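Right, one structure below, let's go through it.
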Amino acid sequence: MGYTLKSTGLAADLIACYMVDDDGVTLREWVSGQFSTWNGVDTWADDAGNADMSVDNPVVVGQATWKGTSFNYFQTLANGTYNFYGIRHSAAQTVPGGTSQGGFGVFAACAGMDAGGAYNGLIANGGSNAFFGKNDTDYITWYVGSGYRMSSSTQTLPSDLSTKFSFAGNWINGGTSDVLFGLESGSLANVGSAAGGSFSFSDYQYIGGLSGSGNLPGKHHLIAIFNRPLSDTEYQSLHNDWFGALFQTPGAHSIAGNVNLSVTPSGTLSKSSHHSISAAVSATINVSATLQYNVINTFSGAVSLTLGAGATMVKASHYYMQTDVIMQMSVNATMQASQAGQHSISGGSLISLGVNGSVNYATHQSLLGSALMSLTPAASMQYGVAGQYSIAGDVGINLTVSAVTASSVQTVVAYEILTAPMTNITGV
Numbered sequence: 003m004g005y006t007l008k009s010t011g012l013a014a015d016l017i018a019c020y021m022v023d024d025d026g027v028t029l030r031e032w033v034s035g036q037f038s039t040w041n042g043v044d045t046w047a048d049d050a051g052n053a054d055m056s057v058d059n060p061v062v063v064g065q066a067t068w069k070g071t072s073f074n075y076f077q078t079l080a081n082g083t084y085n086f087y088g089i090r091h092s093a094a095q096t097v098p099g100g101t102s103q104g105g106f107g108v109f110a111a112c113a114g115m116d117a118g119g120a121y122n123g124l125i126a127n128g129g130s131n132a133f134f135g136k137n138d139t140d141y142i143t144w145y146v147g148s149g150y151r152m153s154s155s156t157q158t159l160p161s162d163l164s165t166k167f168s169f170a171g172n173w174i175n176g177g178t179s180d181v182l183f184g185l186e187s188g189s190l191a192n193v194g195s196a197a198g199g200s201f202s203f204s205d206y207q208y209i210g211g212l213s214g215s216g217n218l219p220g221k222h223h224l225i226a227i228f229n230r231p232l233s234d235t236e237y238q239s240l241h242n243d244w245f246g247a248l249f250q251t252p253g254a255h256s257i258a259g260n261v262n263l264s265v266t267p268s269g270t271l272s273k274s275s276h277h278s279i280s281a282a283v284s285a286t287i288n289v290s291a292t293l294q295y296n297v298i299n300t301f302s303g304a305v306s307l308t309l310g311a312g313a314t315m316v317k318a319s320h321y322y323m324q325t326d327v328i329m330q331m332s333v334n335a336t337m338q339a340s341q342a343g344q345h346s347i348s349g350g351s352l353i354s355l356g357v358n359g360s361v362n363y364a365t366h367q368s369l370l371g372s373a374l375m376s377l378t379p380a381a382s383m384q385y386g387v388a389g390q391y392s393i394a395g396d397v398g399i400n401l402t403v404s405a406v407t408a409s410s411v412q413t414v415v416a417y418e419i420l421t422a423p424m425t426n427i428t429g430v
């Protein structure tokens with residue numbers, strides 16, 4: 003479904019932000035919206051709508067953890083000693099604060115870095131040979147105005163391609179600039195400050211090296227450029243949780259009010275935690291689409307769920323619906339819950355499964371209140387070993403020719419009608 007950049011906090015001060023989306027193949031500059039898409043092997047396709055940003059084909063995407071959470075990274079590479087494989091812009095990208103004492107800041111979170119060659123720039127300007135990276139002795143530095151401007155820095159960058167760390171820096175033209183460093187396992191700290199002189203860093207064009215001059219290859223979770231210098235505290239917050247500071251956190255999704263959800267053919271609606279929908283709801287899932295949840299899915303209020311032919315509803319734990327509910331599943335549609343799963347429906351309910359449709363549960367299903375369940379030819383209802391099937395209240399169950407209801411101790415074949423009122427039916 004894709005990450006979303008925040009519009010407040012530090013995210014509001016971004017000039018640019020380079021990070022791979024959650025699909026693992028789309029490398030985005032999140033502020034401008036430019037992107038390139040990887041084929042998973044050896045080729046990048048640039049955004050046809052904006053050809054300014056391109057990614058060199060040898061760049062690859064991988065995964066590593068940061069503070070215990072797995073994230074994608076993009077890996078820039080050396081191309082000999084004096085060139086690189088990384089991200090290139092066809093035009094210079096303006097850095098508004100780089101020409102004045104307003105200044106700007108850079109932060110990078112890395113899953114590893116290689117030694118690099120010659121001028122080791124992380125972000126670089128091809129016109130004036132300005133870059134932020136490291137010097138000939140591997141110390142973090144700013145190179146501006148044809149010279150290294152951070153003589154006080156004695157912090158080297160790791161070069162084993164496996165040590166996780168973040169580093170950052172502020173450039174202030176005519177003022178005091180600084181650099182920061184911290185291992186992923188620890189904290190970020192200021193490791194050098196100096197009056198860098200009156201030199202402009204007006205723009206950049208390359209990520210991962212300086213074309214024709216050198217490279218700084220690495221595995222980059224994130225490279226962010228800010229329109230102002232950041233404080234040590236702000237950089238520390240990025241070091242602790244750069245994703246949470248800049249991006250909306252995926253997880254619970256709640257929708258209230260009159261809602262219509264539609265997932266088109268072959269589409270997927272998935273949640274890592276839970277999805278809650280309240281009030282009047284109409285959810286439509288078309289041909290071959292999937293509604294998928296890892297934890298809990300809750301629908302309350304008047305609800306209508308429709309799954310088209312071949313559609314699937316999958317649950318890892320349980321699925322809960324209450325009040326007036328209509329569920330319809332067309333030809334070959336499926337509802338599934340894993341072992342220890344649960345499906346509960348209460349209130350006035352109608353559940354219909356079309357030809358070859360099925361409802362499968364490893365443990366139990368519960369229906370409460372006025373309920374009507376209809377299964378058409380070749381449909382089936384199944385429950386695993388030690389499963390349970392409970393119905394309470396006014397209930398009508400209709401199974402047509404060749405339909406099946408099965409549990410560990412009960413199987414009903416062919417046509418059966420159980421009429422209201424019925425207080426409880428248990429298949430255990």
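Position 235 (the sequence shown) corresponds to 237 in our numbering; numbering is contiguous.
Note that CB positions come from ideal geometry on N, CA and C, so glycine has one too.
Being a predicted model, the structure only gives us computed values, none of them experimental.
**Message:** At the level of alpha carbons, what is the spacing between Lys221 and Ala311?
**Reply:** The straight-line gap from Cα to Cα measures roughly 44 Å.
**Item:** C-alpha gap between Ser217 and Lys8, whole angstroms
**Value:** A small correction: the amino acid at residue 217 is Asn; Ser does not occupy that position in the sequence shown. It is roughly 31 Å from the alpha-carbon of Asn217 to the alpha-carbon of Lys8.
**Request:** Take the Cβ of Asp138 as the centre, count every other Cβ of all protein chains shown within 10 Å, and call the residue buried at 16 or more, exposed below.
**Result:** Exposed is the call here.
**Item:** Residue nearest to Gly51 in terms of C-alpha spacing, selected from Thr39, Val43, Thr45, Pro60
**Value:** Nearest C-alpha to Gly51: Thr39.
**Prompt:** Based on Cα-Cα distance, which residue from Leu12, Asp23, Ala14, Ala18 lies nearest to Tyr5?
**Reply:** Per the C-alpha coordinates, the member of Leu12, Asp23, Ala14, Ala18 positioned closest to Tyr5 is Asp23.
**Item:** Residue closest to Gly42, alpha-carbon to alpha-carbon, out of Ser56, Asp25, Thr143
**Value:** Among Ser56, Asp25, Thr143, the Cα nearest to that of Gly42 belongs to Asp25.
**Item:** Contact between the stretch 194 to 204 and the stretch 137 to 153 (3+ Cβ pairs under 8 Å)
**Value:** Touching, per the Cβ criterion.
**Asked** Per DSSP, which one or two residues make a beta bridge with Trp68?
**Response** DSSP, once it has assigned bridges, lists Thr71 as partnering Trp68.
**Prompt:** With a CB to CB cut of under 6 Å and the five nearest residues on each side skipped, what residues in its chain are close to Pro60?
**Reply:** Closer than 6 Å at Cβ, skipping near neighbours: Leu79, Tyr87.
**Asked** Going straight from the alpha carbon of Ile142 to that of Gly114, what length do you get?
**Response** Between Ile142 and Gly114, the C-alpha separation is close to 15 Å.
**Asked** Which residues in the same chain as Asn81 place their Cβ atom closer than 6 Å to its Cβ, once the five residues preceding and following it in sequence are excluded?
**Response** So the list reads Tyr87, once near-sequence residues are dropped.
**Asked** Which residue comes first and which comes last in the beta strand (DSSP E) that contains Ala170?
**Response** Secondary structure note for Ala170: its beta strand (DSSP E) is the uninterrupted segment 167 to 173.
**Request:** Determine the direct distance from the alpha carbon of Met55 to that of Cys19, and round the result to whole angstroms.
**Result:** In this structure, the CA atom of Cys19 is about 13 Å from the CA atom of Met55.
**Prompt:** For Leu159, which residues does DSSP report across the bridge?
**Reply:** Partner(s): none; Leu159 has no beta bridge.
**Asked** Taking just the CA atoms, how far does Val33 sit from Ile17?
**Response** The C-alpha of Ile17 lies about 7 Å from the C-alpha of Val33.
**Closest residue to Tyr208 among Val57, Thr251, Ala66, Ala53 (Cα-Cα distance)** = It is Val57 whose Cα lies nearest to the Cα of Tyr208.
**Message:** Taking the straight line between their C-alpha atoms, what separation do you get for Phe167 and Ser200?
**Reply:** Looking at the two C-alpha atoms, the distance is approximately 30 Å.
**Message:** If contact is defined by three or more beta carbon pairs under 8 Å, each pair taking one atom from either stretch, is the stretch 87 to 100 in contact with the stretch 178 to 189?
**Reply:** Pairwise C-beta distances place the stretch 178 to 189 out of contact with the stretch 87 to 100, as fewer than three of them are shorter than 8 Å.
**Item:** Sufficient close CB pairs (3 or more, under 8 Å) joining the stretch 123 to 136 to the stretch 237 to 245
**Value:** Not touching, per the Cβ criterion.
**Prompt:** With 16 as the cutoff for other CB atoms within 10 Å, does Leu12 come out buried or exposed?
**Reply:** Flag for Leu12 reads buried.
**Asked** What number of angstroms, rounded off, separates the C-alpha of Tyr237 from the C-alpha of Arg30?
**Response** If you take the alpha carbons of Tyr237 and Arg30, they lie about 22 Å apart.
**Message:** Please return the same chain residues whose Cβ sits closer than 7 Å to the Cβ of Ile174, not counting the five positions on each side in sequence.
**Reply:** Only Gln103, Gly105, Pro231 meet the Cβ criterion.
**Whole-Å CB distance - Ile225 paired with Ala110, under 8 Å assumed** = A Cβ-Cβ distance of about 5 Å is found for the pair Ile225 and Ala110, placing them in contact under the 8 Å criterion.
**Message:** I'd like to know whether the C-beta atoms of Phe134 and Gly123 end up nearer to each other than 8 Å.
**Reply:** Less than 8 Å separates the beta-carbon of Phe134 from that of Gly123.
**Asked** Taking 7 Å as the line, does the beta carbon of Glu186 fall inside it for any heavy atom of the ligand NAP?
**Response** In the structure shown, the ligand NAP is absent, as is every other ligand, since no ligand is present at all.
**Request:** Flag this pair as yes or no: are the beta carbons of Ala94 and Asp205 separated by less than 8 Å?
**Result:** Between Ala94 and Asp205, the CB-CB gap stays under 8 Å.
**Glu186 (DSSP reduced to helix, strand or coil)** = Note: Glu186 maps to coil in three-state DSSP.
**Asked** How long is the line joining the alpha carbons of Asn74 and Gly119, rounded to whole angstroms?
**Response** Distance between the alpha carbons of Asn74 and Gly119: 25 Å.
**Request:** Pick out whichever of Gly107, Ser202, Ser376, His223 has its Cα sitting closest to the Cα of Val62.
**Result:** Of the candidates Gly107, Ser202, Ser376, His223, the residue whose Cα lies closest to the Cα of Val62 is His223.
**Item:** Alpha-carbon spacing of Tyr84 relative to Pro219, whole angstroms
**Value:** Roughly 12 Å between the two C-alpha positions.
**Message:** Rounding to the nearest angstrom, what Cα-Cα distance links Thr71 and Ala380 in this structure?
**Reply:** Going by the C-alpha atoms only, they are around 45 Å apart.
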